[in-house]
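One structure is given here, and the rest of the page talks about it.
Number of protein chains: 2
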Amino acid sequence: MNPSQGEIFNGGVTTPKGFTAATAAAGIRSNRDDLALLVSESPAIAAGMFTTNRIQAAPVRYCRDILSRAAPVRAIIVNSGNANACTGAAGMRDTKRMAAETAAALDCNADAVLVCSTGTIGVPLPINKISDAIPGMPARLSQAGGDAAARAIMTTDTREKHVAVTFPVNGVPVTIGGMVKGAGMIEPCMATLLAFITTDAAITPTALQSALQQAVDASFNRVTVDGDQSTNDTVLFLANGQAGNTPQLVPEAPGWDMFTDKLTAVCRRLAYAVVADGEGATKVVEVTVRGAVDAADAAKAARAVARSLLVKTSWTGADPNWGRVMAALGVSGAVFSEDRIAIAYDDLTAVHNGCATDIPFATLRKVIEKPAFRLTIDLGGGIGEYMMWSCDCTEEYVRINAAYMT
Amino acid sequence: MNPSQGEIFNGGVTTPKGFTAATAAAGIRSNRDDLALLVSESPAIAAGMFTTNRIQAAPVRYCRDILSRAAPVRAIIVNSGNANACTGAAGMRDTKRMAAETAAALDCNADAVLVCSTGTIGVPLPINKISDAIPGMPARLSQAGGDAAARAIMTTDTREKHVAVTFPVNGVPVTIGGMVKGAGMIEPCMATLLAFITTDAAITPTALQSALQQAVDASFNRVTVDGDQSTNDTVLFLANGQAGNTPQLVPEAPGWDMFTDKLTAVCRRLAYAVVADGEGATKVVEVTVRGAVDAADAAKAARAVARSLLVKTSWTGADPNWGRVMAALGVSGAVFSEDRIAIAYDDLTAVHNGCATDIPFATLRKVIEKPAFRLTIDLGGGIGEYMMWSCDCTEEYVRINAAYMT
Chain A
20 MNPSQGEIFN
30 GGVTTPKGFT
40 AATAAAGIRS
50 NRDDLALLVS
60 ESPAIAAGMF
70 TTNRIQAAPV
80 RYCRDILSRA
90 APVRAIIVNS
100 GNANACTGAA
110 GMRDTKRMAA
120 ETAAALDCNA
130 DAVLVCSTGT
140 IGVPLPINKI
150 SDAIPGMPAR
160 LSQAGGDAAA
170 RAIMTTDTRE
180 KHVAVTFPVN
190 GVPVTIGGMV
200 KGAGMIEPCM
210 ATLLAFITTD
220 AAITPTALQS
230 ALQQAVDASF
240 NRVTVDGDQS
250 TNDTVLFLAN
260 GQAGNTPQLV
270 PEAPGWDMFT
280 DKLTAVCRRL
290 AYAVVADGEG
300 ATKVVEVTVR
310 GAVDAADAAK
320 AARAVARSLL
330 VKTSWTGADP
340 NWGRVMAALG
350 VSGAVFSEDR
360 IAIAYDDLTA
370 VHNGCATDIP
380 FATLRKVIEK
390 PAFRLTIDLG
400 GGIGEYMMWS
410 CDCTEEYVRI
420 NAAYMT
Chain B
20 MNPSQGEIFN
30 GGVTTPKGFT
40 AATAAAGIRS
50 NRDDLALLVS
60 ESPAIAAGMF
70 TTNRIQAAPV
80 RYCRDILSRA
90 APVRAIIVNS
100 GNANACTGAA
110 GMRDTKRMAA
120 ETAAALDCNA
130 DAVLVCSTGT
140 IGVPLPINKI
150 SDAIPGMPAR
160 LSQAGGDAAA
170 RAIMTTDTRE
180 KHVAVTFPVN
190 GVPVTIGGMV
200 KGAGMIEPCM
210 ATLLAFITTD
220 AAITPTALQS
230 ALQQAVDASF
240 NRVTVDGDQS
250 TNDTVLFLAN
260 GQAGNTPQLV
270 PEAPGWDMFT
280 DKLTAVCRRL
290 AYAVVADGEG
300 ATKVVEVTVR
310 GAVDAADAAK
320 AARAVARSLL
330 VKTSWTGADP
340 NWGRVMAALG
350 VSGAVFSEDR
360 IAIAYDDLTA
370 VHNGCATDIP
380 FATLRKVIEK
390 PAFRLTIDLG
400 GGIGEYMMWS
410 CDCTEEYVRI
420 NAAYMT
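Chains A and B are the protein sequences, given in the same order. No gaps in the numbering here: position 85 of the first sequence is 104 in our numbering, and each next residue is one more. No gaps in the numbering here: position 81 of the second sequence is 100 in our numbering, and each next residue is one more.
Here it is as structure tokens:
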């Protein structure tokens, strides 16, 4: 279930040609880097996907606006420790100032700089600290800076999350790299975290957005940690064409399927890493619903189970309490007959025709004690199927979130 | 906010005339009463409301069926420790056997007995243990048995919850009494617990159901503990007419408003007690949304906030992290403008026009440290209003639910 593939390696956003990164400790958080700058040495095209929360942070609204202009992008500046959300007109002024000062330091246009923020909502951005730190960053840009960038964007994450993959497109090696942060406020309906993907592939802007949407739907939209969706969630994808593949990648053309497969693999690896590093999480559960009347119903059912606090706490205790799964299915809105439901933990069928099988709890419990297992629900009513990754909810989750801000 | 009223006193289901109760330790749970029998000495009319979960326990389906016959009811038999849900055809057989054996012991018709179960889902009901215990119960029926009944129906509840109120209807004293159990799997969209209400009022069957629906909508449908809805939730209301008020209560007639007000007060007191005794809860929060475009939008917004795990854990830490409230509002589906939102903790306005006011966190924190406070959200866009009771989510909640079954 862990979406690892041999060719995916431990690189990141600076692994594709022509990308560099630098970090700084601006003092938004204490004693750690909290500012990351990602730069493409040549102009790149950009695609993005953003939170569907009605309340959107200033940098989210800013990035949407920049992307709508379809101008070349040179850089992304990211701060952690402060979300710059619910900060009114001052918030947007601060975001634009981050962009302008980064542009000045890089000697490019302000609209070639994208801005992301992550952290506490509702606190004014300490823009002067950021402003003081930006001018020194370009001199420190390097291809080796990707690791530090992946660390600088972390909030409650316990480890940096980044990968890369290289593969041939029409005989030319192309690389995709990515990094992600996100450990709480993780819930689908658009990527719910900050993720940055880079590639040196030559690709058209329309194709870039299309590939990103497809990959995000199969990855970042399939994870839930706590059912809370953020105001800042953003996935940005930059392509600078330095790999030199010709012709440019477009849908249906040679190399397209390979490219979207690898992009999806990168995004899935990163999404899985987010759940595995979910706040307080000790295990990852792949929840699959099949046999639904259609995929939409399967998604409803999978989400209800993957989000249920009672289901998630039962995993914490390695408790084969499938009754809670049934209760969650029952309020999901999905259509099914109770007496056709089957539920399996890995390959052990705990429920058949809506009732317990004779597999002893102690046997089921051994599966749920593992750090990763599959929970498969067959509704027995059609061919609709949907998969999601969730994690357990532990006392540590509560401890982290009872203490986050103050 | 605590819906206490002077005339509500510490009685219960056996306070109205002609109701008695008895309990037994059938051995479903160890070392405690786990069976409660509530009897009306004369035939009573009955009304009920049930879970809207698609998966419904056998006793829920059984009670629905009995109530649809509109035959007189004499008794309710309730077991804790086992939900008799997801137990297939055997589950329904066991429920009917509980009814039949209770009827035999009381010498009444089987369809005059209602049955409720609460506890673990998916485990066969230990019907023989119950069957052994029932015959001895009628001899122990007493008016004093109400307290023990309120304890016997408890699962993870830490205390029994029961109240009563007496008031005049057309000059005749009428009493309403109630008891409730429920501490987890608490979420609205129909009462999410077991609640039993009795009255000696003379009232028509249609009026009884109408009064119950109105009261439940203002009470049990306004509480959330963990957003999980059970397969067994049931509210039953029996009226035996022994108060002798004439004419019978019907909507719009003299005494009706007083009766529904008192019934609602009883249900609200019980619902509040459920949240206050929520699994692991240390505080109750009254979440009110006003200024929504309509009541339905206000309800959406209030539910999203009251259910959000991040909001609930912020209360645990007495953290005035209103950004999480904003994020929850943003995904609620309610329509509003971010820049018109106001948020107050008790009487302290933390957010005005969508941004922080200058009230220091330390001051807000003092409110959130209290065992009960109000969180009021004004969307500034209409006259829609809705109120809900929620509680904090603590490490103890996780501890309880990671250990419930095994």
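Yeah, the Cβ is synthetic: ideal placement off N, Cα and C, and Gly gets one too. Every value quoted in this text rests on a predicted model; they were computed, and no experiment measured them.
Check	Outcome
Run of the beta strand (DSSP E) containing LYS180 (chain A), from where it starts to where it stops	180-188
Any non-hydrogen atom of the ligand SAH closer than 7 angstroms to VAL79 (chain A) Cβ	This structure does not include the ligand SAH; it has no bound ligands of any sort.
Through-space distance from ASP397 (chain B) to ALA311 (chain B), alpha-carbon basis	8 angstroms
Which listed residue (B:TRP334, B:SER238, B:ALA77 and B:ALA321) has its alpha carbon closest to that of ALA292 (chain B)	B:SER238
Paired residues, beta bridge with TYR364 (chain A) - DSSP	A:LEU367 and A:LEU394
ASN420 (chain B) at chain A interface by Cβ criterion, 8 angstroms	yes
Boundaries (first-last residue) of the alpha helix (DSSP H) holding THR114 (chain A)	107-125
CB contact flag (LYS5 (chain B), LYS302 (chain B), <8 angstroms)	In the structure as shown, chain B begins at 20 and stops at 425. Residue 5 (chain B) is therefore absent and cannot be evaluated.
Residue nearest to SER61 (chain A) in terms of C-alpha spacing, selected from A:ASN259, A:PRO339 and A:ARG326	A:ASN259
Minimum Cβ-Cβ distance from THR175 (chain B) to chain A less than 8 angstroms	no
Reduced DSSP category for GLU298 (chain B) - H, G, I as helix; E, B as strand; rest coil	coil
Selection from B:GLY100, B:ALA321, B:VAL308 and B:ARG73 that minimises the alpha carbon distance to ALA44 (chain B)	B:GLY100
Reference LYS115 (chain B); option with closest CA among B:ALA421, B:VAL354 and B:ALA76	B:ALA76
Contacts that TRP341 (chain A) makes with chain B (C-beta to C-beta distance below 7 angstroms)	GLY141
Residue closest to VAL188 (chain A), alpha-carbon to alpha-carbon, out of A:LYS200, A:GLY196, A:PHE380 and A:ALA221	A:ALA221
Spatial distance of ASP13 (chain B) from CYS82 (chain B) (CA atoms)	Because residue 13 (chain B) is not part of the residues shown, which for chain B are 20 to 425, the question remains open.
Distance between ILE74 (chain A) and THR250 (chain A) (C-alpha atoms, nearest Å)	6 angstroms
Amino acids of chain B, ordered along the chain, whose beta-carbon sits closer than 7 angstroms to that of ILE27 (chain A)	The premise fails here: ILE27 (chain A) is roughly 32 angstroms from chain B at the closest Cβ pair, so nothing lies under 7 angstroms.
Own chain residues within Cβ distance below 8 angstroms of ILE444 (chain A), not counting five before or after	Chain A is shown from 20 up to 425; residue 444 (chain A) falls before or after that span and cannot be answered.
Under the three-state DSSP convention, the category SER61 (chain A) falls into	strand
Chain B contact residues for ILE74 (chain A), given Cβ-Cβ distances below 7 angstroms	MET345, ALA346, LEU348, GLY349 and GLU357
Spatially closest choice to SER327 (chain B) from B:MET407, B:VAL269 and B:VAL199, by CA coordinates	B:MET407
Min CB distance GLY30 (chain B) to chain A below 8 angstroms	no
As assigned by DSSP and simplified to three states, the class of ILE378 (chain A)	coil
Within chain A, partners of GLY107 (chain B) - CB distance below 8 angstroms	ASP358, ASN372, GLY373 and CYS374
Proximity of ALA226 (chain B) and LEU268 (chain B) at Cβ, strictly below 8 angstroms	yes
Where the beta strand (DSSP E) containing PRO192 (chain A) begins and where it ends	191-200
Contact set for VAL142 (chain A): own chain, Cβ-Cβ below 7 angstroms, skip 5 residues either direction	ASN101
Cβ pair count under 8 angstroms reaching 3, the segment 23-37 of chain B against the segment 171-190 of chain B	yes
Exposed unless 16 or more other CB atoms sit within 10 angstroms - verdict on ILE153 (chain A)	buried
Beta-carbon proximity check, LEU1 (chain B) vs ALA90 (chain B), cutoff 8 angstroms	With chain B covering 20 to 425 only, the question about residue 1 (chain B) has no answer from this structure.
Chain B within 8 angstroms of CYS412 (chain A), Cβ atoms only	yes
Which of helix, strand or coil DSSP assigns to SER238 (chain B)	coil
Proximal residues of chain B, C-beta to C-beta of THR218 (chain A) below 8 angstroms	Per Cβ cutoff of 8 angstroms: no residues; THR218 (chain A) is ~31 angstroms from chain B at best.
Closer than 7 angstroms at the beta carbon, the chain A residues around ALA104 (chain B)	GLY342
Proximity winner among B:PHE38, B:THR382 and B:ARG418, relative to THR194 (chain B) (alpha-carbon distances)	B:PHE38
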